[in-house]
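**Q** Plus 11 on top of the position in the sequence shown (first one is 1) and you've got the numbering used here.
Note that beta-carbon positions come from the ideal geometry of N, C-alpha and C, so glycine has one too.
Mind looking over this structure? Questions follow.
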Amino acid sequence: MGGYDSDSTYCHHIIILLVGCFSGTVFGGLHCLGWNTLFQGHTEPILWRAASLAIVFTAVSVLLLFSYIIWLQESDKLRSIIANLASLTSLFVYVVAHITLIVLIVMNFQSLPPGIYNTVAWTKFIPHL
Numbered sequence: 012m013g014g015y016d017s018d019s020t021y022c023h024h025i026i027i028l029l030v031g032c033f034s035g036t037v038f039g040g041l042h043c044l045g046w047n048t049l050f051q052g053h054t055e056p057i058l059w060r061a062a063s064l065a066i067v068f069t070a071v072s073v074l075l076l077f078s079y080i081i082w083l084q085e086s087d088k089l090r091s092i093i094a095n096l097a098s099l100t101s102l103f104v105y106v107v108a109h110i111t112l113i114v115l116i117v118m119n120f121q122s123l124p125p126g127i128y129n130t131v132a133w134t135k136f137i138p139h140l
């Protein structure tokens with residue numbers, strides 16, 4: 012009734028999982044574009060790279076772990092519990108990596124290049140009559 016049978020709900024959960032993992036992978040991949048960005052010290056680029064890769068790989072691992080959990084279908088309780096714990100660990104690593112990227116972005120506001128304060132004459136670039 013109304014398109015809310017059990018099969019369509021199950022299908023919606025799988026679609027949400029796929030979209031979430033794909034967007035997480037793209038998000039981490041976009042942050043990997045900043046691989047060679049200049050940072051203040053030596054540890055910041057290492058943290059940036061590690062957090063970016065962690066976001067990419069945790070999104071992929073969550074997809075694989077949930078696929079494994081769906082494939083098990085409660086046939087083996089111990090394996091299901093281990094897979095659930097591994098997926099929760101992956102989600103925790105994802106959140107920590109995300110927070111690490113936010114902290115690194117805020118830390119980079121300390122050393123902005125001097126050209127950031129130059130005033131741009133936008134009227135030269137906007138065509139007008």
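1. Between Gly13 and Leu29, what straight-line distance do the alpha-carbon atoms span, to the nearest angstrom?
2. Within the same chain, show all residues whose beta-carbon is closer than 7 Å to that of Leu76, passing over the 5 residues directly before and after it, in chain order.
3. Who are the near neighbours of Ala62 in its chain, counting only those whose CB is closer than 7 Å to its CB and skipping five residues on each side?
4. Could you tell me the distance, in whole angstroms, from the CA atom of Val73 to the CA atom of Ile137?
5. Check each candidate in Trp82, Asp87, Leu64, Ile81 and name the one with the smallest Cα separation from Cys43.
6. Is it buried or exposed for Val67, if we count other Cβ within 10 angstroms and need 16 for buried?
7. Taking the runs of the alpha helix (DSSP H) that are 4 residues or longer, which of them lie wholly in the segment 96 to 131?
8. Thinking C-beta only, is Ala70 closer than 9 Å to Gly39?
9. Applying the 10 Å Cβ sphere with the 16-neighbour rule, what's the burial state of Trp82?
10. Let me know if Cys22 comes out buried or exposed under the rule of 16 or more other beta-carbons within 10 Å of its beta-carbon.
11. Looking at C-alpha atoms only, which residue of Cys32, Glu55, Ser34 is the closest neighbour of Val117?
**A** This is what the structure holds:
1. By one-based count along the sequence shown, residue 13 stands at place 2. By one-based count along the sequence shown, residue 29 stands at place 18. With a pLDDT of 49 at Gly13, under the threshold of 50, the modelled position of this residue cannot be trusted; read the value that follows with caution. Rounded to the nearest angstrom, the two C-alpha atoms are 24 Å apart.
2. Along the sequence shown, one-based indexing puts residue 76 at 65. Excluding residues within five positions, the ones whose Cβ falls inside 7 Å are Ala94, Ala97, Ser98, Ser101.
3. In the sequence shown, residue 62 corresponds to position 51, counting from 1. Counting only Cβ-Cβ distances below 7 Å, and skipping sequence neighbours, we find Ala108, Thr111, Leu112.
4. Taking the first residue of the sequence shown as position 1, residue 73 is located at position 62. Taking the first residue of the sequence shown as position 1, residue 137 is located at position 126. Cα to Cα, Val73 sits roughly 47 Å from Ile137.
5. Taking the first residue of the sequence shown as position 1, residue 43 is located at position 32. Ranking the options by Cα distance to Cys43, first place goes to Leu64.
6. Residue 67 sits at position 56 when you count from the first residue of the sequence shown. Val67 should be labelled buried.
7. none
8. Numbered from 1 along the sequence shown, position 28 holds the residue referred to as residue 39. Numbered from 1 along the sequence shown, position 59 holds the residue referred to as residue 70. Closer than 9 Å, so yes.
9. What you label residue 82 is simply residue 71 of the sequence shown in a count that begins at 1. Flag for Trp82 reads exposed.
10. By one-based count along the sequence shown, residue 22 stands at place 11. Exposed, by the Cβ-count rule.
11. Start at 1 with the first residue of the sequence shown, and residue 117 comes out as number 106. If you compare the alpha carbons of Cys32, Glu55, Ser34 with that of Val117, the shortest gap goes to Glu55.
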